[in-house]
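As structure tokens, the structure follows; a few thoughts come after it.
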């Protein structure tokens, strides 16, 4: 057995090997150690190998899916070795000691999952391959759970952004790749040959030319070929369902780099959670397919005004008709996930329940399409989608006749083919049920004949049908002339057989076996018939998903009072009463109101310099406008009173930063890398938000960098930009940069307390309110008082020299500030002056009021 295991392990390579032994999958050697630690199961030993005990652990076959999920989530790949013959066949082949044949039937990886229990129903599961040829780069991406297959034409600079958009579960690249940071699985270089890739695609889709799918370059063919070869490898020669590849160019969508996606939390938060992200707050879809499509829309907003308007027309149609919207959502909510059910069937991992889901889903889609087709003056996209919901009448009728309404989860006992579908199957079932009635009658007859009322006819997998009596009643049946044949003696019971029971049992067993075989044959036929129309079924699933997205966005717009954005060709950005959708929802849960603000960027005022205190709302204002651009180009209404937007080709956000010590980058280095990327890539049609550029270094260096960045954005990139800063010196740039406008977030101090108004106003802020924010944050009063004293001296030095914080760099002044005695703490002095023992109660109360007044003054 170990020899067989080691051969299979060599084939599995770096994947953990699940080795089937009876009702368990066993793991041995290092695989067992890794799995036991990951799954928190017992590590035992079995025999020895080269004189050393062999580590072993195992999981039950019936519970294997849950264990697989944990291993995959931990980053492992698992090769599943099943028994490829029965023990009887092995015995017939090689005698009583022959080992049952086993083979790897599948390699389970993060990017090749189809099981419901292993997948998030509301998220796509992409497996991505990187291809290179002739200095060009491309990506191929497949979600085999639904059959989606995309090829993305990109370049080396945009590759990280595309990978971030797809959020791939698994990335595949060729050996010695130039992308080691991204590749999780390396494959032979020959798999990524462009000529081989073209041949694989032609063979996969049975076509003589790929021209009908688009004009593929060598890099695209290399990526697609490498992906298909990998899927064939993990499927052990069989391929999952892949729809014809859809060719995309990176410039067809708004370009959003990885740093911007993370900063804006488009599809997940910094903690990796959907909840709290833009997608999590916008999503009102009621189907898994709709949720997956909405994620794709927000991850890749369109850069085609006509296509965006088609989506917006459909959202507006459903938004304005509340009755239609609610009826549509109720219909969609009742439908199963057609895409995932089809994917399981195509991958050979489906069953009667998946066929039943397709039956019910296609039937519901047909009726929904009939209703939509009767609507008056539907928008163009709806008129296009409605016919795609119909056209499966023959398949629906077949599956309705062939399957029971609710097929069982466990198909081993049959029972999923409906009565009346196959007369021969019905006859076999009648024989089986008649035989079972005959067995019940025989049991009563044998009880009477033997005068043993406790006699029972039972069944198990070893003996089959047999007679069982208590041990105290067994002696009469042991006699040779009793007509009973002894089979087994256990504690308390004795088991027998009789000729009559054997005859009836044979009829039941044979009929049951033939019935199961007949049902299995029907299942295979039904699956083949269904998969023959898989392209049309997938098209229907896509149409349902698009309708779900539109209805969900219409529902969200109705909930929040969102408006349809007006898209124009010139690069403007005019938003009245804009709001941050995620922050607004969070405030609403606390019973608080979000303060809306306008944003009006135009050719004459395309760069806004925003000043004001921390916590005043600058970052929220910057982010909300970036999110409005994303929502609008994804085809959604936006949280505002009105919005007129020029299309954004590239979106950049440098708001906050964290270090990346693994790559040797400090927080400031990360900030500079991201800012450099913006200056290198932003165009006049881009939208950029920048927050506190230059704050991670010395004051003069930071101001110089921020100053130069503002000038570059204004003069060279000429993009729409919101730039938040605490460097008030930058406001002087408005005197010579004509397209730069000054704005600030309002704040007031009232009775010693800072009041943040979260309102945007014209002009620069009068000051930063840093000390007020520090006090608000709970900094000790003595520290705040000392800071106030130092600030006064530094500002006096700046006024004396006329330069930025000149006091810090004017050595005599700095020395004077540093050497100066700290100002006495009035609160401390007042407390020390109290003679506590001499105070009356009334005087003590007055003293407390006095101390409170001193504290406020500090």
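Residue numbers (the numbering used here): 28 to 885. Note that beta-carbon positions come from the ideal geometry of N, C-alpha and C, so glycine has one too. All of these numbers come straight from a predicted model, not from anything done at the bench.
{"Asked": "Using a Cβ-Cβ cut-off of 8 Å (strictly less than) and excluding sequence neighbours within five positions of residue 430, which residues of its own chain qualify?", "Found": "379, 382, 383, 386, 443, 444, 445 and 553"}
{"Asked": "Tell me whether the beta-carbon of residue 665 lies closer than 7 Å to the beta-carbon of residue 674.", "Found": "no"}
{"Asked": "Would you mind working out which of 176, 811 and 663 sits nearest residue 335, comparing C-alpha positions?", "Found": "663"}
{"Asked": "Please determine, among 247, 193, 241 and 237, the residue with the shortest C-alpha to C-alpha distance to residue 219.", "Found": "247"}
{"Asked": "What would DSSP say about residue 142, mapped onto helix, strand or coil?", "Found": "coil"}
{"Asked": "Is residue 308 helix, strand or coil by DSSP?", "Found": "helix"}
{"Asked": "Which first and last residues belong to the alpha helix (DSSP H) in which residue 484 is found?", "Found": "Premise fails: residue 484 lies in the beta strand (DSSP E), 483-487, not in any alpha helix (DSSP H)."}
{"Asked": "In three-state terms, what does DSSP make of residue 260?", "Found": "helix"}
{"Asked": "Do three or more CB pairs link the region 50-63 to the region 72-84 at distances below 8 Å?", "Found": "yes"}
{"Asked": "Report the three-state DSSP secondary structure of residue 782 (helix, strand or coil).", "Found": "strand"}
{"Asked": "Assuming residue 650 and residue 282 form a contact by the criterion Cβ under 8 Å, report the distance between their Cβ atoms to the nearest whole angstrom.", "Found": "Contact flag wrong, Cβ pair sits at about 18 Å."}
{"Asked": "Evaluate residue 43 with the Cβ neighbour count: other Cβ atoms within 10 Å of its Cβ, from every protein chain shown; 16 or more gives buried, anything less gives exposed.", "Found": "buried"}
{"Asked": "On the three-state DSSP scale, how would you describe residue 533?", "Found": "helix"}
{"Asked": "Would you mind working out which of 871, 474 and 178 sits nearest residue 496, comparing C-alpha positions?", "Found": "474"}
{"Asked": "Ordered along the chain, which non-local residues of its own chain (more than five positions away) have a Cβ less than 6 Å from that of residue 592?", "Found": "659, 665, 670 and 672"}
{"Asked": "Mapping DSSP to helix, strand and coil, what is residue 441?", "Found": "coil"}
{"Asked": "Taking the alpha carbon of residue 262 as the reference point, which residue from 423, 501, 132 and 424 has its own alpha carbon closest?", "Found": "132"}
{"Asked": "Hey, would you say residue 317 sits closer than 7 Å to residue 576, going by beta carbons?", "Found": "yes"}
{"Asked": "So for residue 893, helix, strand or coil by DSSP?", "Found": "Past the boundaries of the shown model lies residue 893; the chain is included only from 28 to 885, so the question cannot be answered."}
{"Asked": "Taking the C-alpha atoms as reference points, what is the distance between residue 148 and residue 364?", "Found": "8 Å"}
{"Asked": "With a Cβ-Cβ cutoff of 7 Å, do residue 581 and residue 338 count as a contact?", "Found": "no"}
{"Asked": "Rounding to the nearest angstrom, what Cα-Cα distance links residue 40 and residue 106 in this structure?", "Found": "9 Å"}
{"Asked": "With a 10 Å radius around its C-beta and 16 neighbouring C-beta atoms as the bar for buried, classify residue 839 as buried or exposed.", "Found": "Low confidence applies to residue 839: its pLDDT is 49, below 50, so where it sits in the model is not reliable, and the reading given next is rough at best. Answer is exposed; the Cβ neighbour count stays below 16."}
{"Asked": "Here's the rule: buried if 16 or more other CB atoms are within 10 angstroms of the residue's CB, otherwise exposed. What is residue 242?", "Found": "exposed"}
{"Asked": "Mind pulling the beta strand (DSSP E) runs of 3 or more residues that sit fully within the region 674-748?", "Found": "677-682 and 714-718"}
{"Asked": "Residue 228: which of 266, 799 and 61 sits nearest, CA to CA?", "Found": "266"}
{"Asked": "Ignoring anything shorter than 3 residues or poking outside the region 134-178, list the beta strand (DSSP E) runs there in chain order.", "Found": "154-160 and 163-170"}
{"Asked": "Mapping the DSSP letters down to three states, classify residue 754 as helix, strand or coil.", "Found": "coil"}
{"Asked": "Could you pull out every residue in the same chain whose Cβ sits closer than 7 Å to the Cβ of residue 505, ignoring the five residues on either side in sequence?", "Found": "513"}
{"Asked": "Inspect the CB distances between the region 306-314 and the region 354-372 and report whether three or more fall short of 8 Å.", "Found": "yes"}
{"Asked": "In the DSSP assignment, find the unbroken alpha helix (DSSP H) run with residue 448 in it and report its ends.", "Found": "Where residue 448 is concerned, there is no enclosing alpha helix (DSSP H), given that its DSSP letter is neither H nor E."}
{"Asked": "Would you call residue 32 buried or exposed, if buried means 16 or more other Cβ atoms sit within 10 Å of its Cβ?", "Found": "buried"}
{"Asked": "Return the chain-ordered ranges of every alpha helix (DSSP H) run that is complete within the region 228-279 and spans a minimum of 4 residues.", "Found": "245-261"}
{"Asked": "What is the residue span of the alpha helix (DSSP H) that residue 502 lies within?", "Found": "502-505"}
{"Asked": "So what does DSSP say about residue 647, is it helix, strand or coil?", "Found": "helix"}
{"Asked": "Helix, strand or coil: which one does DSSP assign to residue 512?", "Found": "strand"}
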